[in-house]
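Visitor: Take this structure first; my questions come after.
Number of protein chains: 2
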Amino acid sequence: MSTYQAPLADMRFALFDVLGADRRFEQLGFTEATRDVLDAVLEEGARFTETVLAPLNAIGDRDGCTLDRATGAVTTPPGFREAYAQYVEGGWSGLTSPPEFGGQGLPHAAGIALKEMIDAANLAWGNFPLLSHGATEALLHHGEDWQRDVFLKPLIDGRWTGTMCLTEPHCGTDLGLLRTRAEPGEDGSYSITGTKIFITAGEHDMTENIIHLVLARLPDAPAGSKGISLFVVPKVRVGRDGSTGERNGVRCGSLEHKMGIHGSATCVMNFDGAQGWLVGQPHRGLAAMFTMMNTARLAVGLQGLGLSDRAYQNALRYSRERLQMRSLSGAKYPDKPADPIIVHPDVRRMLLTCKALIEGSRVMGYHAALLVDIAHASPDAGERAQADALLGFMTPIAKACLTEWGVECTYHALQCYGGHGYIAEHGVEQLARDARITTLYEGTTGIQALDLLGRKVMQQQGEGLKVMLGLIEQLCSEQATNDAVAPYIPMLREKASQWQQLTREIGRRAAANADEIGAAAYDYLMYSGYVTLGYWWLRSVAASEASTHNDAFKVAKRETARFYFERVLPRTLVHASAIESGAAPLMTLEADAFDN
Amino acid sequence: MSTYQAPLADMRFALFDVLGADRRFEQLGFTEATRDVLDAVLEEGARFTETVLAPLNAIGDRDGCTLDRATGAVTTPPGFREAYAQYVEGGWSGLTSPPEFGGQGLPHAAGIALKEMIDAANLAWGNFPLLSHGATEALLHHGEDWQRDVFLKPLIDGRWTGTMCLTEPHCGTDLGLLRTRAEPGEDGSYSITGTKIFITAGEHDMTENIIHLVLARLPDAPAGSKGISLFVVPKVRVGRDGSTGERNGVRCGSLEHKMGIHGSATCVMNFDGAQGWLVGQPHRGLAAMFTMMNTARLAVGLQGLGLSDRAYQNALRYSRERLQMRSLSGAKYPDKPADPIIVHPDVRRMLLTCKALIEGSRVMGYHAALLVDIAHASPDAGERAQADALLGFMTPIAKACLTEWGVECTYHALQCYGGHGYIAEHGVEQLARDARITTLYEGTTGIQALDLLGRKVMQQQGEGLKVMLGLIEQLCSEQATNDAVAPYIPMLREKASQWQQLTREIGRRAAANADEIGAAAYDYLMYSGYVTLGYWWLRSVAASEASTHNDAFKVAKRETARFYFERVLPRTLVHASAIESGAAPLMTLEADAFDN
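Top to bottom, those sequences are chains C and E. Quick note, in UniProt numbering, the first sequence goes up one by one and the last residue is 596. Quick note, in UniProt numbering, the second sequence goes up one by one and the last residue is 596.
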């Protein structure tokens, strides 16, 4: 069994010491988000996730969800339903939602550590409440008044959950191909018909109603992505007065058998003349959906981080307990039959890689959440715009990198266990299987890379990149005389400068051949992730040195930063080399020659 | 469902065009191994694995093996037993075994493509016959005459299977800690008592007897790895005359629940006063076991290759069929609703990475198998010694790299499927789970790295490295005027030269601090793998150009080599950088500070 202990000390360090979130919240007018309240959220969140959710993780994996084909009802794994009731009762559901609809109105960044804890404790369970936030956002920003009045309160207090119904069997990334139809009725509602797949929490036994946000085509819709509208389709019909009525024409047709996240219900949803209501403008559904997707993408990035951390914690414990071989430089524990494997440099290489990626990612991910708050709530329009640009730039980086690193860290953690890592009872193989979904859903890594390079950099003239480069230069200037930071400043500056050069070079090439974007995108994204993490590592060391933490804490931050700069950041060499090689090595071979 | 088609054309290319295996077999005196016979083995092997084994792969994953706790009997998945009977009937079992014990006496390299096909078609099934080879080797080289007479024929003709019983709950890598006891009896046999874990094919329903090769301690054994002896312990007792008697005191106590290879029986084996016979000298069991392990390590490397290839084949088909988005450089199939995803550069990046790693690995792996034959059968003692040194050097490289690339290629293949890759019915997620064992068993990647750098390079003065460097320089000289090869020669020479420098530098540092070996080992191993693969890619292009293959074949080899040199070989930059950073960034942080 793998265990989980919320890393509260490092969470506080990231939020308060590095990001100064408590001071920012005050400036942004979140008067409720005092340090006391934030600490209480962290401590109670740790208690809930460690004692309620974490013990259900292996059970969810083993038992999964089950579908009653006769009724279309889905039963969640033992304990999931009760844990959800505790979640609602504890008021976790509306933590960062608007008070006018029953939420607690805390800033987004105040909920981000809780999100990480939930993901680490029980990713599959976390997917049930997760999508409610997307549905809430869509209705909040695009719904009519009556829709907000009727749907938001129960979504925010957790009585109901939400879904995002995008994918169809023949279209995932390419939503322009979707076929689900919406026929207008006489009462202003629409009749929705079609099949949606990969619907997370599409059906379950935790709440009395489920609110589906569904993309579909109106009869007069133009072809392609400009003919897609958004509808709200409740499982149980809801009147304009909020009264619930009969069962709607939507039903779970089957559950997918997946590599992991067995406890999460991944549903095929059949809409058969289901009553739905248009949300926002006709044919503008994709734009509304994208509003939801940005938050969802950050949320999936956090999933990668949470899994990495849980895997690391367990691998670390195992590496301290497992006695095997002597250190090559002489026995370190001569009184034991062998040394614990953490004495071996290669085990340390794997553990330190995890530690450096995790702690750096935590600051990166939490910072992105803070940008959401700044972009929404800053009184300064210029600051709002800058935060928005940086957030748009960082979202694909955080989503893709934190999930790719989630795959990598769970790989290293499993490897530390040797053959035992492959055995279910140790629990680390579940984390590796669960992590594997995160680079796929809410847009694969390749899609994030195109979003970053094609849209955020090339189409938007690199607004976010400029902000990030400015932050890097500011840090390098400010910290030039800080002995703990200064040794790494030349390398960070060099990488930042190469980042600009690579961006310009891709732009030049792309003017002649648009495939240069696609050919560079993945490596550009990873390059960006590593440079950004280098920035956050130096910010972390600077914050640690300036803090009241003890020496052991400061040494650990310094040594992990050193490892990052000497052993991880050089990965940029390969990504830069790949970008420089251009599109030709990828595009020359004919598609029918790949099996020659 | 994933499908499998044996890549016969590329297998033939590797064996005959690049390695000239048919001519080498003739020189080595394998008169039976004519091109006709070798072609028949390939074609019949393809038929057997494609039609018999491949369709059972998903069934094995779904149903797994089951244990009857009352009797200790293990039932294999539906169809496995019948497939094994066909395997025996087809004469596959003894393909490369000595004729004096009923084998067909073909060279080791003549069976290597069959090995790849079996692994690709059904890795879990392949683990049942696999370990018979190790047991055969151990008895052949270390057994007494009566042991060879009694055990070898049924192991070679497949009537019985074998196992290797090394690991115990508290010791895997560190066999010096093992506790299983062997008490001498009056009849010259020994009574074996202890618990072994992770015993592949330890119990099953395919054969009437199972021959366990077991490491245990004699009563007078010195502590540590110099007090371990090897015993042969049949499931059903066997007399010195070959007669089988009653059930021996060995029994499967439980089956492990694993991340993958569900169809493979991974057993806890309880030896409770089981009758066994000493194989070889007392206290010299570890050396005898290592004989078996080298072949087993190459075999596991081939597993990585087989899984990579199957995953690639399926991802390639999916990427040609799945229509999603338009090419950024303009619609490539305007008559279809969208372009197949293989038009997208990032999908091509993933596919070409697989193709370059797979085809290069095939030559590397087959060459190692050929070295086994040369080391055993060359009439020239100098050539035998050289082949042996190169084989010892290449074994950890091939084992670790082909399995790490197996994890990587199954990752890329799954990623090509997007969210569908995560769903069991497509079959690619099984390949990813199955691949995950290969970097663990028969020695983790970290252990291979220590074997390479610590033993093969540092202790043995780099004998094998010198041979490999000689081959590289010879190729570069010979191909200097070959237009298809020449552009890559400077890069290969530069990497080979850096390889030598890095080796010297590590040696210099290790003289002062033995942890420098462990700190460099993983990156040294991967560096070695990429340079070696570069060599095999240039050999492949040279062989292709000189062959009678059609232009499409030659273009594909040239383009894949180009991709390898421009997009994969630069990974050496990171590994070199890591080696140069030395041990300090790994070793400074105290073990108790990893969770600070």
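Glycine included, every Cβ here is placed at the ideal spot set by N, Cα and C.
Just mark G368/E as buried or exposed, buried being the case when its beta carbon has 16 or more other beta carbons within 10 Å.
Guide: As a first step, residue 368/E is located in the second sequence; it is residue number 368 there, counting from the start. It is worth fixing the name first, because residue 368/E is Ala in this sequence and not Gly. Per the 10 Å Cβ criterion, buried.
Visitor: As an exercise, report each continuous alpha helix (DSSP H) stretch of at least 4 residues that is fully enclosed by the segment 237–324 of chain C, in chain order.
Guide: Whole alpha helix (DSSP H) segments, 4+ residues: 285–321.
Visitor: In terms of residue numbering, what span does the beta strand (DSSP E) encompassing K196/C cover?
Guide: Residue mapping note: residue 196/C aligns to position 196 of the first sequence, counting from 1. Unbroken beta strand (DSSP E) run through K196/C: 190–200.
Visitor: Does any CB atom of chain E fall closer than 8 Å to the CB of G518/C?
Guide: Within the first sequence, residue 518/C is the residue found at index 518, counting from 1. Closer than 8 Å to some Cβ of chain E, the Cβ of G518/C qualifies, so yes.
Visitor: From the DSSP output, read off the bridge partner residues of I118/C.
Guide: Counted from its first residue, the first sequence places residue 118/C at position 118. Partner(s): none; I118/C has no beta bridge.
Visitor: As an exercise, report each continuous beta strand (DSSP E) stretch of at least 3 residues that is fully enclosed by the segment 519–591 of chain E, in chain order.
Guide: none
Visitor: Can you find a CB in chain C that lies within less than 8 Å of the CB of A521/E?
Guide: In the second sequence, residue 521/E corresponds to position 521, counting from 1. Yes, contact with chain C.
Visitor: For H283/E and G419/E, I'd like the C-alpha separation in whole angstroms.
Guide: As a first step, residue 283/E must be located in the second sequence, where it is residue number 283. As a first step, residue 419/E must be located in the second sequence, where it is residue number 419. Computed Cα separation, rounded: 53 Å.
Visitor: Could you check what DSSP says for V485/C in three-state terms: helix, strand or coil?
Guide: The sequence position of residue 485/C within the first sequence is 485, counting from 1. In the structure shown, V485/C sits in coil (DSSP, three-state: anything other than H, G, I, E or B).
Visitor: From R384/E, A398/E, V300/E, A265/E, pick the residue whose C-alpha is nearest to that of D63/E; which is it?
Guide: Translated into the one-based positions of the second sequence, residue 63/E becomes position 63. If we check each option's Cα against that of D63/E, A265/E comes out closest.
Visitor: If we require 4 or more residues per run, which alpha helix (DSSP H) segments fall completely within the segment 44–75 of chain E?
Guide: 57–63
Visitor: Can you tell me where the alpha helix (DSSP H) holding G162/C begins and where it ends?
Guide: As a first step, residue 162/C must be located in the first sequence, where it is residue number 162. Here G162/C belongs to no alpha helix (DSSP H); instead the beta strand (DSSP E) covers 160–165.
Visitor: Which residues in chain C sit within 9 Å of C165/E, going by Cβ to Cβ distance?
Guide: Numbered from 1 along the second sequence, position 165 holds the residue referred to as residue 165/E. Neighbours of C165/E on chain C: none; closest Cβ ~14 Å, over 9 Å.
Visitor: For C267/C, which residues in chain E fall below 7 Å Cβ to Cβ?
Guide: Taking the first residue of the first sequence as position 1, residue 267/C is located at position 267. Per Cβ cutoff of 7 Å: no residues; C267/C is ~12 Å from chain E at best.
Visitor: For E442/E, which of D592/E, Q5/E, L130/E has the nearest alpha-carbon?
Guide: The residue given as residue 442/E occupies position 442 in the second sequence. Checked all of D592/E, Q5/E, L130/E; the closest Cα to E442/E is L130/E.
Visitor: So which residues of chain C does P184/E contact, with C-beta pairs closer than 7 Å?
Guide: Taking the second sequence and counting its residues from 1, one reaches residue 184/E at position 184. Simply none; closest approach about 26 Å.
Visitor: In chain E, what lies closer than 8 Å to Q415/C by C-beta?
Guide: Sequence index remark: in the first sequence, residue 415/C carries index 415 (1-based). Simply T439, L440, T444, T445, G446.
Visitor: Using a Cβ-Cβ cutoff of less than 6 Å, which residues in the same chain neighbour R322/E once the five nearest sequence positions on both sides are dropped?
Guide: For the purposes of this step, residue 322/E is identified with residue 322 of the second sequence, where counting begins at 1. Same-chain partners within the cutoff: I341.
Visitor: Run through DSSP, which three-state label would A424/E get?
Guide: Position 424 of the second sequence, counted from the start, is the residue given in the question as residue 424/E. Correct three-state label for A424/E: helix.
Visitor: Kindly indicate if chain C contains any beta-carbon less than 8 Å away from that of R349/E.
Guide: What you label residue 349/E is simply residue 349 of the second sequence in a count that begins at 1. Interface residue, yes.
Visitor: How about P570/C: is its C-beta nearer than 8 Å to some C-beta of chain E?
Guide: Along the first sequence, read from residue 1 onward, the residue named residue 570/C stands at position 570. Output row for P570/C: interface = yes.
Visitor: How about the segment 86–105 of chain C and the segment 347–358 of chain C: do they share at least three Cβ pairs that are nearer than 8 Å?
Guide: Segments in contact, no.
Visitor: If the criterion is Cβ atoms closer than 8 Å, does the pair V541/E and T438/E meet it?
Guide: Counting from one through the second sequence, the residue named residue 541/E turns up at place 541. Counting from one through the second sequence, the residue named residue 438/E turns up at place 438. Their beta carbons are not under 8 Å apart, which means V541/E does not touch T438/E by this criterion.
Visitor: Is it the case that the Cβ atoms of A496/E and V467/E are separated by a distance below 8 Å?
Guide: Taking the first residue of the second sequence as position 1, residue 496/E is located at position 496. Taking the first residue of the second sequence as position 1, residue 467/E is located at position 467. No, they are not a contact pair.
Visitor: Could you give the DSSP three-state label for L215/E: helix, strand or coil?
Guide: The sequence position of residue 215/E within the second sequence is 215, counting from 1. DSSP places L215/E in strand when its eight states are reduced to three.
Visitor: Between which two residues does the beta strand (DSSP E) carrying R455/E extend?
Guide: Locating residue 455/E in the second sequence gives position 455, where the first residue counts as 1. That residue, R455/E, is in no beta strand (DSSP E); it is neither H nor E in DSSP.
Visitor: Expressed to the nearest angstrom, what Euclidean distance is found between the alpha-carbon atoms of C401/E and L440/C?
Guide: What you label residue 401/E is simply residue 401 of the second sequence in a count that begins at 1. What you label residue 440/C is simply residue 440 of the first sequence in a count that begins at 1. Cα to Cα, the separation comes out at about 26 Å.
Visitor: Quick one: is S243/E buried, meaning 16 or more other Cβ sit within 10 Å of its Cβ, or exposed?
Guide: Reading the second sequence from its first residue, position 243 is the one you call residue 243/E. That one is exposed.
Visitor: Got a sec: is the Cβ-Cβ distance from S577/C to anything in chain E below 8 Å?
Guide: Along the first sequence, read from residue 1 onward, the residue named residue 577/C stands at position 577. Judged by the 8 Å Cβ criterion, S577/C is in contact with chain E.
Visitor: What in chain C is Cβ-close to D515/E, meaning under 8 Å?
Guide: As a first step, residue 515/E must be located in the second sequence, where it is residue number 515. Residues of chain C passing the Cβ test: S327, L328, S329, P345.
Visitor: Which chain C residues are close to N596/E, counting only those with a beta carbon under 7 Å from its beta carbon?
Guide: Here residue 596/E refers to the residue found at position 596 when the second sequence is read from its first residue. A552, F553, A556, listed in chain order.
Visitor: If you measure from the beta carbon of residue 607/E to each beta carbon in chain C, is any gap under 8 Å?
Guide: Residue 607/E is absent from the structure shown; chain E starts at 1 and stops at 596.
Visitor: Would you call the segment 416–436 of chain E and the segment 252–264 of chain E touching, i.e. three or more CB-CB distances under 8 Å?
Guide: yes
Visitor: Among E32/C, L38/C, F30/C, T31/C, whose alpha-carbon lies nearest the alpha-carbon of F13/C?
Guide: Sequence index remark: in the first sequence, residue 13/C carries index 13 (1-based). The candidate whose alpha carbon is nearest that of F13/C is L38/C.
Visitor: Got a sec: does the ligand HEM put a non-hydrogen atom nearer than 7 Å to the Cβ of S2/C?
Guide: With respect to small molecules bound, the structure shown includes none, and the ligand HEM cannot be examined in it.
Visitor: According to DSSP, what are the bridge partners of A182/E?
Guide: As a first step, residue 182/E is located in the second sequence; it is residue number 182 there, counting from the start. Paired residue(s): I192/E.
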